[in-house]
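Q: I'd like to ask you about the structure that follows.
Residue numbers (this note's numbering): 4 to 164.
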């Protein structure tokens, strides 16, 4: 397996895109919690990332609401189920951890859903920022609560770049 990475600019700061054999397996923000060590990102190479870059650019321009990239999500079966459920949350909408747990058929697993959400390796594209607390409040986000609020505001049309 060949691992490569590239860094692109975004309205939220630099984003590091990581691929295994040309398939996106990571999208990390600067100072992100649970960000792997940079030496695990592989060699710098932007030859594989054109489609991801184009879709992210269209998303940040407000032209793309749903990503259609091939992803390689690595985690436990429960994490993978949570990450698949995250991808079902429509652009501009939110769900609570409890609602995700219910959707997974595990209504008492909201804390486990939160832990899996926090370990999402492909932020923004797998929209973990769309998950809020039971009362609608912002709760933890690996990229920081300010970024989470900005992403939610952007998707709701409150702050266009």
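Each residue gets a CB set at the ideal place from its N, CA and C atoms; glycine is no exception.
(1) Just checking my contact of residue 51 with residue 7 at CB under 8 Å: how many whole Å lie between their CB atoms?
(2) Please list the terminal residues of the continuous alpha helix (DSSP H) segment that includes residue 144.
(3) Among 125, 131 and 58, whose alpha-carbon lies nearest the alpha-carbon of residue 39?
(4) For residue 104, tell me which candidate among 115, 14 and 12 has the shortest Cα-Cα distance.
(5) Only counting the same chain, and skipping five residues up and downstream in sequence, which positions put a Cβ closer than 7 Å to that of residue 60?
(6) Determine the direct distance from the alpha carbon of residue 142 to that of residue 17, and round the result to whole angstroms.
(7) Name the residue from 110, 156 and 94 whose alpha carbon lies nearest to the alpha carbon of residue 100.
(8) To the nearest whole angstrom, what separates the beta carbons of residue 67 and residue 131, a pair I think is in contact under 8 Å?
(9) Taking the straight line between their C-alpha atoms, what separation do you get for residue 164 and residue 108?
(10) Let's see if you can read the secondary structure: which residues bound the alpha helix (DSSP H) around residue 62?
(11) If you draw a straight line from the alpha carbon of residue 19 to that of residue 72, how long is it in whole angstroms?
(12) Could you pull out every unbroken alpha helix (DSSP H) segment of at least 4 residues lying fully inside the stretch 8 to 48, listed in chain order?
(13) When the Cα atoms are used, what is the spatial distance from residue 93 to residue 4?
(14) Determine the DSSP secondary structure at residue 222, reduced to helix, strand or coil.
(15) With DSSP as the reference, label residue 162 as helix, strand or coil.
(16) Assuming contact is defined by CB atoms lying nearer than 7 Å, are residue 150 and residue 95 in contact in what I supplied?
A: Looking at the coordinates:
(1) 6 Å
(2) Run containing residue 144: none; DSSP gives neither H nor E here.
(3) With distances taken between Cα atoms, residue 39 lies closest to 125.
(4) 115
(5) Sequence-distant Cβ neighbours of residue 60 in its own chain, meaning closer than 7 Å and more than five residues away, do not exist here.
(6) A direct Cα-Cα distance of roughly 23 Å separates residue 17 from residue 142.
(7) Of the candidates 110, 156 and 94, 110 places its Cα closest to the Cα of residue 100.
(8) The pair is not a contact, with the Cβ atoms about 18 Å apart (cut-off 8 Å).
(9) Confidence at residue 164 is low in this model, with a pLDDT of 45, below 50, so its placement is unreliable and no value can be given for it.
(10) From DSSP, the alpha helix (DSSP H) with residue 62 extends over 53 to 63.
(11) 16 Å
(12) For the alpha helix (DSSP H) assignment, the stretch 8 to 48 encloses no uninterrupted run of at least 4 residues.
(13) 33 Å
(14) No information on residue 222 is available, as it lies outside the stretch 4 to 164 that the chain covers here.
(15) With a pLDDT of 49 at residue 162, under the threshold of 50, the modelled position of that residue is not reliable, and the figure given next carries that caveat. When secondary structure is reduced to three states using DSSP, residue 162 falls in the coil class, being assigned neither helix nor strand.
(16) no
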